[in-house]
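Trainee: Take a look at the following structure, please.
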Amino acid sequence: MTSELGLNHALVTGATSGIGEATVRALVASGRTVLAVARRQDRLEALASETGCSWMAADVRETEKLADGIEAFAPDIVVNNAGVGHGSSGLEDLDAAMIQEAIDINVVAPIQITALALAGMRARARGHIVNIGSIAGLHTLVSAVYGGTKSAVHRFSQNLRVELRGSGIRVTELCPGRVSTEFYQAASGDRDRLDQMGQSGIRELLPDDIAAAILFAVNAPAHVNVATIEILPTEQAVGGVHATPVEAKS
Ligand SMILES: NC(=O)c1ccc[n+]([C@@H]2O[C@H](COP(=O)([O-])OP(=O)(O)OC[C@H]3O[C@@H](n4cnc5c(N)ncnc54)[C@H](OP(=O)(O)O)[C@@H]3O)[C@@H](O)[C@H]2O)c1
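If you number the sequence shown the way this note's numbering does, the last residue is 250 and the count never jumps.
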């Protein structure tokens, strides 16, 4: 099934693992033409031979290279998913280069890629930007750096929706809680603490759960903009404390 809205060409960043990889599979299964973007070429090739997607081996910070690819592919859907959890264990565990990398990959790249895609979307009067934020961008949680970058994604998404009102271009932000991916292995910071954080001990979301939510948003009818989706494992709650009740004193 292709989209009645003509949203048939989807670009997905961070497509070699986790949420991005699952999203490529789901978008291809929905009948769309998909361009998968990430750095690891061997994984992109494997995904392409499995799904039939196209791919481009690129770092999301390589704006010039991406500009050519985006112009040629003319995406109707952009899923800004590539991201890193650098600093999830704490600001002081990061050196200056890693702080910069977190901001460049999580904040600057999705803004640049969106800017590159918007000209074509405006001309075609249709399009859908899907930004992968995080509950860390909505709520006060551990990680000043990661939460700071995802808060920027949140504000960017909210304000871009205002800028694009009346254009026919939709903006969706998806804010997951814990998803079972390679996220903590790929993050920079204190290795022991990151490994500990990676073992939540709960039944986490699966990348397919997030891909299904993205498909819900992009398949919505033209008059519906699914603005923000916050999606948590049932065993995770923001702000909650898991404690046994205080026994009543007699
Ligand atoms: N897992 C969670 O609990 C969770 C929760 C909330 C939000 N998120 C967000 O979900 C998104 C996806 O994360 P994930 O959990 O699926 O993690 P993941 O399994 O580590 O996947 C991250 C993907 O991003 C790509 N990537 C990283 N840096 C890149 C760069 N500079 N250029 C191009 N691609 C790059 C990686 O590919 P290459 O290394 O091949 O380039 C990989 O495909 C991120 O934005 C993350 O912040 C995750």
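All residues carry an ideal CB built from backbone N, CA and C; glycine is no exception. Note that the structure is a prediction, hence the values are computed from the model and not measured.
(1) So what does residue 175 bridge to, in DSSP terms?
(2) Residue 77 bridges to which residues according to DSSP?
(3) Relative to the C-alpha of residue 232, which residue among 180, 88, 87 is closest?
(4) Of the residues 187, 196, 157, 202, which one's Cα is nearest the Cα of residue 226?
(5) Counting pairs of Cβ atoms below 8 Å between the segment 78–87 and the segment 112–122, do you hit three or more?
(6) Return the first residue and the last residue of the alpha helix (DSSP H) that residue 23 is part of.
(7) I want to check one thing, is the minimum distance from the CB of residue 179 to the heavy atoms of ligand 1 below 6 Å?
(8) Please report the distance separating the alpha-carbon of residue 211 from that of residue 229.
(9) Is residue 141 helix, strand or coil when you go by DSSP?
(10) In the DSSP output, what is residue 218 paired with across the bridge?
(11) Suppose only complete runs of 4+ residues qualify. What are the alpha helix (DSSP H) ranges in the segment 176–208, listed by chain order?
(12) Going by CA-CA distance only, name the one from 145, 118, 59 that's closest to residue 168.
(13) In terms of residue numbering, what span does the alpha helix (DSSP H) encompassing residue 54 cover?
(14) Determine the direct distance from the alpha carbon of residue 45 to that of residue 152, and round the result to whole angstroms.
(15) Would you say the beta carbon of residue 8 comes nearer than 6 Å to a heavy atom of ligand 1?
(16) What residues match up with residue 35 in a beta bridge as DSSP calls it?
(17) Suppose the cutoff is 8 Å on Cβ atoms and the five residues either side in sequence are ignored; what does the same chain contact list for residue 205 look like?
(18) Going by the DSSP bridge assignment, what does residue 169 pair with across the sheet?
(19) Excluding sequence positions up to five away, which residues of its chain have a Cβ less than 6 Å from the Cβ of residue 146?
(20) Would you check if there are 3 or more beta carbon pairs closer than 8 Å linking the segment 180–200 to the segment 211–223?
(21) Under 8 Å by Cβ, that's how I've got residue 28 and residue 13 pegged, so tell me the actual separation to the nearest angstrom.
(22) Report whether the distance from the Cβ of residue 182 to the nearest heavy atom of ligand 1 is below 6 Å.
(23) Would you mind working out which of 47, 132, 236, 172 sits nearest residue 82, comparing C-alpha positions?
(24) So residue 101 is in the alpha helix (DSSP H); what residue range does that whole segment cover?
(25) Short check: CB of residue 99 to CB of residue 149, under 7 Å?
(26) Tell me, please, whether the CB atom of residue 189 is closer than 7 Å to any CB atom in chain C?
Mentor: Working from what's here:
(1) 230
(2) 10, 128
(3) 180
(4) 157
(5) yes
(6) 18–29
(7) yes
(8) 12 Å
(9) coil
(10) Partner(s): none; residue 218 has no beta bridge.
(11) 183–186, 191–198
(12) 118
(13) First-last for residue 54: 54–57, but that is the beta strand (DSSP E), not the alpha helix (DSSP H).
(14) 32 Å
(15) no
(16) 11, 54
(17) 176, 177, 178, 179, 180, 231, 232, 233
(18) 127
(19) 85, 87, 88, 136
(20) no
(21) In fact, because the Cβ distance is near 16 Å, the residues do not count as touching under 8 Å.
(22) yes
(23) 132
(24) 96–103
(25) no
(26) No chain C is present in this structure, which holds just one protein chain.
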